[in-house]
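Heads up: the sequence shown is residues 127 to 275, going by the working numbering. In what follows, a structure is listed as structure tokens, so that the remarks can point back to it.
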Amino acid sequence: MEDKALTIALEHDFSVPAERLYEAWIKEDDLKNWWHPSENKLVNVAQTVEEGGDIRYEFEGQNGKSSLIITGKYKEVKPNEKLVYSWNWDVSAEGVEKSNHELIIEFVANGDQSKIKVAQDNFENDESITPHKEGWVKALAALDEYLKS
């Protein structure tokens with residue numbers, strides 16, 4: 127029997143236009159203000175937001191040392207509408223395996239408001255989904271708070 131990859135799918139409504147939501151998702155200054163996976167600080171963003179463009183996010187932990195690097199490659203870029211890219215975690219913590227996922231991020235316009243749809247795939251089991259899903263819920267809430275400020 128062949129295992130099927132499992133997927134997370136989340137949605138969140140925002141009180142800003144899709145263009146502003148998209149900008150907050152891709153711009154370094156915005157990202158550093160709201161995105162802190164596992165309480166890590168985003169210290170470097172290197173990305174080319176175009177099809178085939180590379181992604182590299184570097185984080186440091188509370189001890190000030192490198193803790194996490196996320197790399198990927200954009201597969202589809204539709205400004206203000208959709209991003210599809212590979213999402214590869216390299217965590218320095220012992221016992222944490224590297225992970226390779228694909229993200230599909232959709233920005234849905236609704237006048238002066240918007241919605242984001244996040245799908246992350248390639249999970250091997252339900253146990254591996256839980257921390258990622260919790261992380262996305264926190265991240266989207268932090269993004270919402272940031273955009274309201």
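Beta carbons: idealized from backbone N, C-alpha and C, even for Gly.
Within 8 angstroms, strictly: CB atoms of residue i and residue j
{"i": "ASP180", "j": "LYS199", "result": "yes"}
{"i": "GLU207", "j": "PHE233", "result": "yes"}
{"i": "ASN236", "j": "ASN226", "result": "no"}
{"i": "GLU177", "j": "LYS201", "result": "yes"}
Own chain, CB closer than 7 angstroms to residue i, minus 5 neighbours either side, in chain order
{"i": "GLU154", "result": "VAL171"}
{"i": "ILE255", "result": "LEU132, ILE134, PHE249"}
Alpha-carbon spacing of residue i relative to residue j, whole angstroms
{"i": "ASN248", "j": "PRO257", "result": "14 angstroms"}
{"i": "LYS274", "j": "LYS264", "result": "15 angstroms"}
{"i": "THR197", "j": "ASP139", "result": "27 angstroms"}
{"i": "TRP262", "j": "ASN189", "result": "23 angstroms"}
{"i": "TYR183", "j": "ILE230", "result": "17 angstroms"}
{"i": "VAL169", "j": "TRP160", "result": "12 angstroms"}
Beta-carbon separation (whole angstroms), residue i vs residue j, contact threshold 8 angstroms
{"i": "ALA150", "j": "LEU269", "result": "6 angstroms"}
{"i": "ILE134", "j": "ALA245", "result": "7 angstroms"}
{"i": "VAL210", "j": "GLU228", "result": "7 angstroms"}
Residues near residue i by beta carbon distance below 6 angstroms, same chain, minus five either side
{"i": "GLN173", "result": "ILE181"}
{"i": "ASP238", "result": "PRO143"}
{"i": "GLU220", "result": "At GLU220, the pLDDT of 45 sits below 50, so the modelled position is not reliable; the number obtained from the coordinates is stated separately. None."}
{"i": "GLU145", "result": "ASN206"}
Option nearest residue i by Cα separation, candidates the options
{"i": "GLU260", "options": "ILE152, GLU145, PHE140, HIS162", "result": "HIS162"}
{"i": "SER192", "options": "LYS241, TRP262, ALA135, LYS167", "result": "LYS167"}
{"i": "LYS241", "options": "GLN188, ILE134, TYR148, GLU228", "result": "TYR148"}
{"i": "SER212", "options": "GLU137, GLY187, VAL175", "result": "VAL175"}
{"i": "TYR272", "options": "ASN251, SER141, LEU194, GLU165", "result": "SER141"}
{"i": "GLY187", "options": "SER164, VAL203, LYS204", "result": "SER164"}
Own chain residues within Cβ distance below 8 angstroms of residue i, not counting five before or after
{"i": "GLU137", "result": "LYS241, ILE242, LYS243, VAL244"}
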